[in-house]
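FYI, our numbering numbers position 293 of the sequence shown as 354, with every residue one higher than the one before it. Working notes, beginning with the structure itself.
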Amino acid sequence: MASQEHLQIIKQGVVAWNQWRRVHPETWPDLFGADLFGAALFGANLSRADLSGADLSGADLGTFSFDWPWRPTTFAQQDLTTVQGLDTIKHFDTSFIDFETVILPRMSPTHMLFLRGTGASSYLIEALQGTILPPQPISVNVFISFAGADQVLCQQLRHHLSPQERSMMIAITQDAVLDPEIQQWESTDQTNLYKAHILIALVSAPFIASHHAWEDILDLALKRQQQGTLHIIPVLARPSTWEDTPLAKLQALPSDGRSITKWEDVDSALEDVARGIRTIAKPLHEQLNAQEQRRRERDLLLARMIQANTEAAEKRNQAQEHDERIQQAKDAYAEAQARLDEAQRQLDTVTQAQETLQHELSSLEAAKQDLHQKIHMLD
Numbered sequence: 062m063a064s065q066e067h068l069q070i071i072k073q074g075v076v077a078w079n080q081w082r083r084v085h086p087e088t089w090p091d092l093f094g095a096d097l098f099g100a101a102l103f104g105a106n107l108s109r110a111d112l113s114g115a116d117l118s119g120a121d122l123g124t125f126s127f128d129w130p131w132r133p134t135t136f137a138q139q140d141l142t143t144v145q146g147l148d149t150i151k152h153f154d155t156s157f158i159d160f161e162t163v164i165l166p167r168m169s170p171t172h173m174l175f176l177r178g179t180g181a182s183s184y185l186i187e188a189l190q191g192t193i194l195p196p197q198p199i200s201v202n203v204f205i206s207f208a209g210a211d212q213v214l215c216q217q218l219r220h221h222l223s224p225q226e227r228s229m230m231i232a233i234t235q236d237a238v239l240d241p242e243i244q245q246w247e248s249t250d251q252t253n254l255y256k257a258h259i260l261i262a263l264v265s266a267p268f269i270a271s272h273h274a275w276e277d278i279l280d281l282a283l284k285r286q287q288q289g290t291l292h293i294i295p296v297l298a299r300p301s302t303w304e305d306t307p308l309a310k311l312q313a314l315p316s317d318g319r320s321i322t323k324w325e326d327v328d329s330a331l332e333d334v335a336r337g338i339r340t341i342a343k344p345l346h347e348q349l350n351a352q353e354q355r356r357r358e359r360d361l362l363l364a365r366m367i368q369a370n371t372e373a374a375e376k377r378n379q380a381q382e383h384d385e386r387i388q389q390a391k392d393a394y395a396e397a398q399a400r401l402d403e404a405q406r407q408l409d410t411v412t413q414a415q416e417t418l419q420h421e422l423s424s425l426e427a428a429k430q431d432l433h434q435k436i437h438m439l440d
């Protein structure tokens with residue numbers, strides 16, 4: 062259930078809530094299952110809030126994104142069909158939405174912006190708009206790491222890898238030049254390394270001597286290799302004592318274990334390396350594209366489920382509105398019947414009073430006649 066502290070603060074209004082968020086920026090608000098029916102939350106900082114199971118019916122979640130950028134926010138077990146302001150939300154980090162338990166409104170182009178911020182795939186978003194995308198080809202992301210002294214050799218290797226790039230089997234995402242004088246690693250390089258499926262390390266003495274290579278790339282890469290999310294390929298560029306490094310446990314190229322510069326023909330050595338890389342990249346490429354195909358099929362089914370849930374929610378809302386109209390008609394009928402019954406009671410009362418008066422008038426008339434006769438008799 063929701064934190065009572067957080068619930069009490071947000072019910073004090075947007076100003077009080079945002080002031081509290083400024084004082085406690087590290088707190089992730091717990092609004093799980095909160096009753097926020099019809100809440101005016103426009104401009105509220107709901108970044109990182111857990112809104113799972115919260116009743117947001119009729120609530121206004123609109124936000125000035127430049128003031129309050131939405132970061133990972135959780136939506137689950139909710140009906141968002143009547144929520145206002147979804148089209149104004151811009152996520153600055155991927156929010157989570159459980160599409161199997163959240164009921165979405167019928168999609169409009171502005172709602173699609175909200176969905177993209179939840180990490181929804183293009184397959185899902187386009188399918189919700191009635192467009193079925195074909196499977197998107199997935200390339201194996203290759204990250205090449207080398208010392209500055211081996212830049213020419215790296216470029217020659219890329220020439221030999223160009224057929225694999227052209228066929229979209231691989232996509233070389235970054236060449237990381239690891240000179241000793243480089244003090245700071247660019248964040249884009251780290252992002253590309255995290256996205257990589259294969260790391261090619263051009264091993265030479267300068268490469269092994271680079272603290273940058275080990276601290277910023279290889280330590281992380283070796284951990285990912287152990288986790289099974291990255292394949293490291295040491296490519297022996299020039300003679301070195303690489304056997305004394307953790308890379309010695311990995312299968313290196315060229316296939317005969319000699320450094321590229323030890324071959325009589327460098328192109329033959331690079332061809333051997335390119336073929337070895339292809340041997341690893343090809344099954345990985347097939348696996349990634351099979352996963353993409355399954356993801357597409359799942360998202361197309363998910364889109365159908367979302368649309369069915371939306372239509373069912375609309376039917377339920379229509380049925381509820383119909384029930385409300387019927388109840389209003391019944392109430393109006395009951396009220397009219399009550400007025401009619403009251404009028405009937407009043408009519409009965411008047412009629413009874415009239416009959417009583419008529420009876421009394423008849424009695425008076427009879428008494429009058431009797432007196433009249435007695436007067437004549439006395440005459």
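Every residue gets a Cβ at the ideal spot worked out from N, C-alpha and C, and that includes glycine.
query	result
Could you give the distance in angstroms between the alpha-carbon of E358 and the alpha-carbon of L112?	29 Å
Taking H292 as part of the beta strand (DSSP E), name the residues at either end of that continuous run.	292-297
So, using beta-carbon positions, are P268 and F204 closer together than 9 Å?	The residue you asked about is not Pro; residue 268 is Phe in the sequence shown. Taking 9 Å as the Cβ cut-off, F268 and F204 do not qualify as a contacting pair.
Alpha helix (DSSP H) containing N350: first to last residue?	327-439
Buried or exposed: which applies to P295, given that a residue is buried once 16 or more other Cβ atoms fall within 10 Å of its Cβ?	buried
Do you know whose CA, among R356, K391, N106, lies nearest A181's CA?	R356
Out of curiosity, what's the CA-to-CA distance linking A342 and Q352?	15 Å
My output table needs one value for S248: the three-state DSSP class, helix, strand or coil.	In this predicted model, S248 has a pLDDT of only 47, less than 50, meaning its place in the structure is not dependable; the value taken from the coordinates is given anyway. The answer is helix: DSSP assigns S248 an H, G or I state.
My understanding is that N202 touches T234, with C-beta atoms under 8 Å, so please give their C-beta distance in whole angstroms.	5 Å
Taking DSSP as the reference, what is the three-state secondary structure of N79?	helix
Report the residue ranges of all beta strand (DSSP E) runs contained in full by the region 184-216; include only those spanning at least 3 residues, in chain order.	201-207
Is it true that the CB of L214 sits closer than 9 Å to the CB of R299?	yes
Sort S183, W275, L418 by Cα distance to T192 and report the nearest one.	S183
Along the chain, where does the alpha helix (DSSP H) that runs through N257 open and close?	The question names Asn, yet the displayed sequence has Ala at residue 257. A257 -> no alpha helix (DSSP H), and no H or E assigned at all.
Work out the CA separation of E421 and A399 for me, nearest whole Å.	33 Å
For V264, collect the residues of the same chain with a Cβ closer than 7 Å to its Cβ; drop the 5 residues on either side in sequence, then sort them by chain order.	P295, V296, L297, A298, S301, W303, L308
Quick one: grab the DSSP three-state call for A274.	helix
Can you tell me where the alpha helix (DSSP H) with I321 in it begins and where it stops?	No alpha helix (DSSP H) contains I321, which DSSP labels as neither H nor E.
Could you spell out the range, first to last residue, of the alpha helix (DSSP H) harbouring L283?	280-288
For L291 and A262, which I take to be in contact (beta-carbon distance under 8 Å), what is that distance rounded to the nearest angstrom?	So it is not a contact: roughly 11 Å between Cβ atoms.
Might you give, ordered along the chain, the residues of its own chain that have their beta carbon closer than 8 Å to the beta carbon of W129, omitting 5 neighbours on each side?	Low per-residue confidence applies at W129: pLDDT is 46, beneath 50, and the placement is therefore not dependable, though the value from the model is reported in the following sentence. Closer than 8 Å at the Cβ level, and outside the excluded window around W129, lie N79, G104, A105, N106, L107, S108.
Tell me the rounded alpha-carbon separation between E403 and A110.	56 Å
In this structure, does DSSP put A309 in helix, strand or coil?	helix
Drop a sphere of 10 angstroms on the beta-carbon of A313, count the other beta-carbons inside from all chains shown, and report buried for 16 or more, exposed for fewer.	buried
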